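If you're matching them up, the sequences are chains A and B in order.
When you line the first sequence up against this note's numbering, it's residues 1 to 208, in that order.
When you line the second sequence up against this note's numbering, it's residues 1 to 208, in that order.
Even for Gly, the Cβ is constructed at its ideal location relative to N, Cα and C.
All values reported here derive from a predicted model rather than from experimental measurement.
Shown next, in structure tokens, is the structure this report addresses.
Protein chains: 2
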Amino acid sequence: MQIDKIKARKTPLQLRSKERVERIIATTEQLVISCDPSEITTSLIAEKANVPVGSVYQYFEDRDGVLLALGERVLNAKDQRLKKIFDEVSEQAHWRHVVKVVVNAHIKVETENILHQKLNAALANNTEWEGINQASTNRMIDFFSRYGLLEAQELPSKEAKNIVRIIVIMTTAVVRRATELKSKEDSDLLLAELLKMIIAYLSTKLGD
Amino acid sequence: MQIDKIKARKTPLQLRSKERVERIIATTEQLVISCDPSEITTSLIAEKANVPVGSVYQYFEDRDGVLLALGERVLNAKDQRLKKIFDEVSEQAHWRHVVKVVVNAHIKVETENILHQKLNAALANNTEWEGINQASTNRMIDFFSRYGLLEAQELPSKEAKNIVRIIVIMTTAVVRRATELKSKEDSDLLLAELLKMIIAYLSTKLGD
């Protein structure tokens, strides 16, 4: 009976917790898009989310903690989008086609992801953010490494994985830099030639 | 006579100004290497350089102004090192050799340049710093575009310049990202494969 009581009392509390955490994160998302990173503070988040500032500290360590929680969601959503696109490409397609579709999707997903770019700026010197990005990159590498064509080419699995690794890291690096470049001409050129460079490189490994 | 007096009075003043500016920049260089970016303030710079804080504001707009002046010197020195290495490669050498020497030199100069990396972190959200980096990249593109072999290949000069542009921007982007990556394995792989990727790409333009 007592246990039931606790349970009954706990559930709405947990619901309220969950709802508050969601509200804090959703508010922070809006702030990241509309404010300069330096303007975002726990007080501003609390004010805009209409919760006491102590409530922010109850669920998150500090301002960066909220940004990191938001960042993890953004990266997970990005990973899911890329996986979906990859799954939709036929296993029978030529490797050039597969690479073209996936790299272009990666470029599109990243260049349109203003939230991710703003988070990169706001968390520029945060090592945890670097770790979260790294984890997302590693998930992508594991996922693409299962691509059947690399096995069909009779590449040793370690080499196949390294090829995927270099392409994922290279694409992430170049796209990230392209979104930072102030010259749109340079940014467009970088993205347009990235795919050609990757295909030229893969041709040396996979043949025509 | 009066003019001479002014001159005589002015020269030591100018000398003192120059000496102070140099001391402020040299002190900031030490601070960038040894401190966390957030710890560097005009007060700390003034204290360590043994000048009044007003003196820092006499020559620089603010803390970022001092960092930018230091940054310009760091990038100019880097450009000079790369130009020297490029000038020393024979015009008769095979293009693969020239690319290998220059890209490897670029990688070495950047990965060893702790000061440049620390400035990138300290000025991560400073648009003027992005502009100074861009200007350095453009100087490199202009310089390498004069490479005789591209003309000898009878490439239209606009295409030749675009090829140089993409390689310089790509190298800068990848090297910058490599120095940020926490995983040394990923960073080394990225740098090792960058050269292979550039050479594979150039082979599609210049033949074997």
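Whose C-beta lies closer than 6 Å to the C-beta of Thr28 of chain B among residues of the same chain, with five residues either side of it excluded?
So the qualifying residues of the chain are Ile45, Val66 and Leu70.
Name the two residues that bound the continuous alpha helix (DSSP H) containing Val51 of chain A.
Premise fails: Val51 of chain A is in no alpha helix (DSSP H) and is neither H nor E.
Around the Cβ of Thr127 of chain B, are there at least 16 other Cβ atoms within 10 angstroms (buried) or fewer (exposed)?
Under a 10 Å Cβ-count criterion, Thr127 of chain B is classified as exposed, with fewer than 16 other Cβ atoms of the shown protein chains found around its own Cβ.
Can you tell me whether DSSP reads Lys196 of chain A as helix, strand or coil?
helix
Name, please, each residue of chain A whose Cβ falls closer than 8 Å to the Cβ of Gly54 of chain B.
Listed along chain A is no residue with a C-beta nearer than 8 Å to that of Gly54 of chain B; the closest approach is about 25 Å.
With a cut-off of 8 Å, does the C-beta of Val32 of chain B fall near any C-beta of chain A?
no
Find the nearest neighbour of Lys108 of chain A within the set A:Leu82, A:Glu22 and A:Lys182, judged by alpha-carbon distance.
A:Leu82
Is the stretch 50-58 of chain A touching the stretch 87-103 of chain A in the sense that three or more CB pairs, one from each, lie closer than 8 Å?
No, the stretch 87-103 of chain A does not touch the stretch 50-58 of chain A.
For Tyr201 of chain B and Glu72 of chain A, what's the separation of their Cα atoms in angstroms?
35 Å
With a cut-off of 8 Å, does the C-beta of Ser203 of chain B fall near any C-beta of chain A?
yes
For Ser136 of chain A, count the other beta carbons within 10 Å of its own beta carbon; 16 or more makes it buried, fewer makes it exposed. Which is it?
Ser136 of chain A should be labelled buried.
For Lys118 of chain A, which residues of its own chain have a beta-carbon under 8 Å away from its beta-carbon, when the five flanking residues on both sides are left out?
Val32, Ile33 and Pro37
Find the residues of chain B that neighbour Ala46 of chain A, judging by a C-beta separation of less than 8 Å, and give them in chain order.
Near Ala46 of chain A there are no residues of chain B at all, since even the closest Cβ is about 23 Å away, more than 8 Å.
Return no unless some Cβ of chain B is closer than 8 Å to the Cβ of Ser17 of chain A.
no
Kindly list, in the order they appear in chain A, the residues whose Cβ is closer than 8 Å to that of Pro37 of chain B.
Asn125
Tell me where the alpha helix (DSSP H) around Asp142 of chain A begins and ends.
Thr127 to Ser145
Give every residue of the same chain whose Cβ lies closer than 8 Å to the Cβ of Ser187 of chain B, excluding the five residues on either side of it in the sequence, and list them in chain order.
The answer, listed in chain order, is Ala178, Thr179 and Leu181.
List, in order along the chain, the chain A residues whose C-beta lies closer than 8 Å to that of Arg165 of chain B?
Near Arg165 of chain B (Cβ distances below 8 Å), the residues of chain A are Asp186 and Leu189.
In angstroms with no decimal places, state the Cα-to-Cα distance between Glu47 of chain A and Leu190 of chain A.
41 Å
What residue range is occupied by the uninterrupted alpha helix (DSSP H) comprising Asp208 of chain B?
No alpha helix (DSSP H) holds Asp208 of chain B; DSSP gives it neither H nor E.
Can you tell me whether Ala93 of chain A is buried or exposed? The criterion is at least 16 other CB atoms within 10 Å of its CB, across all chains shown.
exposed
Quick check on DSSP: helix, strand or coil for His106 of chain B?
helix
Grouping DSSP H, G and I as helix and E and B as strand, with all else coil, what is Asp186 of chain A?
helix
At the 8 Å Cβ level, is Ala26 of chain B part of the contact set with chain A, yes or no?
no
Give the interface partners of Lys196 of chain A over in chain B, defined as CB-CB distance under 8 Å, in chain order.
Result: Tyr201 and Thr204.
Measuring alpha carbon to alpha carbon, tell me which of A:Ser183, A:Ile199, A:Arg63 and A:Thr204 ends up nearest Ala122 of chain A.
A:Arg63
Distance cutoff 8 Å, beta carbons only. Does Ile132 of chain B sit that close to anything in chain A?
Closer than 8 Å: no.
Any idea if Lys184 of chain B is buried or exposed, counting beta-carbon neighbours within 10 angstroms, 16 or more meaning buried?
exposed
Give a yes or no on whether the C-beta atoms belonging to Val103 of chain A and Val89 of chain A are separated by under 8 Å.
no
Considering only heavy atoms of the ligand ATP, does any lie closer than 7 Å to the CB of Lys84 of chain A?
The ligand ATP is absent from the structure shown, which contains no ligands of any kind.
So for Asn76 of chain B, helix, strand or coil by DSSP?
helix
Which same chain residues, not among the five before or five after Asn50 of chain A, have their C-beta less than 6 Å away from its C-beta?
none
Spatial neighbours of Lys205 of chain B within its chain, please: CB distance less than 7 Å, with the 5 preceding and 5 following residues excluded, ordered by chain position.
Ile163
If I measure Cβ to Cβ from Ile198 of chain A and keep anything under 8 Å in the same chain, skipping five residues before and after, which residues do I get?
Val99, Val103, Ile167, Met170 and Thr171
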